[in-house]
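Visitor: Here the numbering used here is used: the first residue of the sequence shown is 3, the next is one more, and so on. Beta carbons: idealized from backbone N, C-alpha and C, even for Gly. Let me begin by handing over the structure; questions about it come next.
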Amino acid sequence: MKAYYSKKYSHMTLDDIQRHWHTPKSHMLEVYCSDQSQLTQQGQNVGLSSYRFGLRHGDLSQFSGKCKLYDLLWTLRPRHVWLAPKCGPWSSWNRLNSMKSMQLSKQIQDDRRAENVHLLLCDAMFRLQDWRGDTFH
3 MKAYYSKKYS
13 HMTLDDIQRH
23 WHTPKSHMLE
33 VYCSDQSQLT
43 QQGQNVGLSS
53 YRFGLRHGDL
63 SQFSGKCKLY
73 DLLWTLRPRH
83 VWLAPKCGPW
93 SSWNRLNSMK
103 SMQLSKQIQD
113 DRRAENVHLL
123 LCDAMFRLQD
133 WRGDTFH
């Protein structure tokens with residue numbers, strides 16, 4: 003994420019970038035959600051500027067999907083980011099199932115490796131919000 007912004011906005015000074023990020027333009031961005039997610043809907047119902055980024059907006063396992071999300075983050079600068087990636091590969095059921103056979107254990111490990119890209123993205127988004135300050139979550 004940092005490399006993407008550094009390259010795209012290389013013409014801006016560090017002060018310009020900090021000023022940009024520290025000025026929120028929306029209340030919430032919900033990522034990894036369905037088109038009918040209740041969190042975004044309820045936020046909008048009470049007058050908050052709430053937005054979604056789901057699979058139809060971009061595949062976050064692909065670079066192009068991440069770029070769309072990064073551009074939306076740059077534009078919306080949400081105060082709160084809600085992330086809900088798939089948790090299946092790390093679920094209690096999969097921990098139990100991984101003990102049933104070597105083949106099933108290998109499949110679950112492969113699924114975890116494939117989904118790791120989403121954990122890294124969640125980490126990057128957390129770090130961005132943390133860098134933005136105490137009023138961003």
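Taking the alpha helix (DSSP H) that Tyr-6 falls in, what are its first and last residues?
Guide: Walking along the sequence shown from the start, residue 6 turns up at place 4. Segment 4-10, the alpha helix (DSSP H) holding Tyr-6.
Visitor: Where are the beta strand (DSSP E) runs, 3 residues long or more, that stay fully inside the stretch 4-72, in chain order?
Guide: For the stretch 4-72, whole beta strand (DSSP E) runs of length 3 or above, ordered along the chain, are 28-35 and 52-56.
Visitor: Assign Pro-91 to one of three DSSP states: helix, strand, or coil.
Guide: Position 89 of the sequence shown holds residue 91. Pro-91: helix per DSSP, three-state reduction.
Visitor: So His-82 is in the beta strand (DSSP E); what residue range does that whole segment cover?
Guide: The residue you call residue 82 lines up with position 80 of the sequence shown. From DSSP, the beta strand (DSSP E) with His-82 extends over 80-85.
Visitor: Can you list, in chain order, the residues of its chain with a C-beta nearer than 7 Å to that of His-82? Leave out the 5 residues immediately preceding and following it.
Guide: Within the sequence shown, numbered from 1, the residue matching residue 82 stands at position 80. His-29, Met-30 and His-139.
Visitor: So, at 7 Å on beta carbons, what are the nonlocal neighbours of Leu-123 in its own chain, with the 5 sequence-adjacent residues on each side left out?
Guide: Locating residue 123 in the sequence shown gives position 121, where the first residue counts as 1. Counting only Cβ-Cβ distances below 7 Å, and skipping sequence neighbours, we find Leu-62 and Lys-68.
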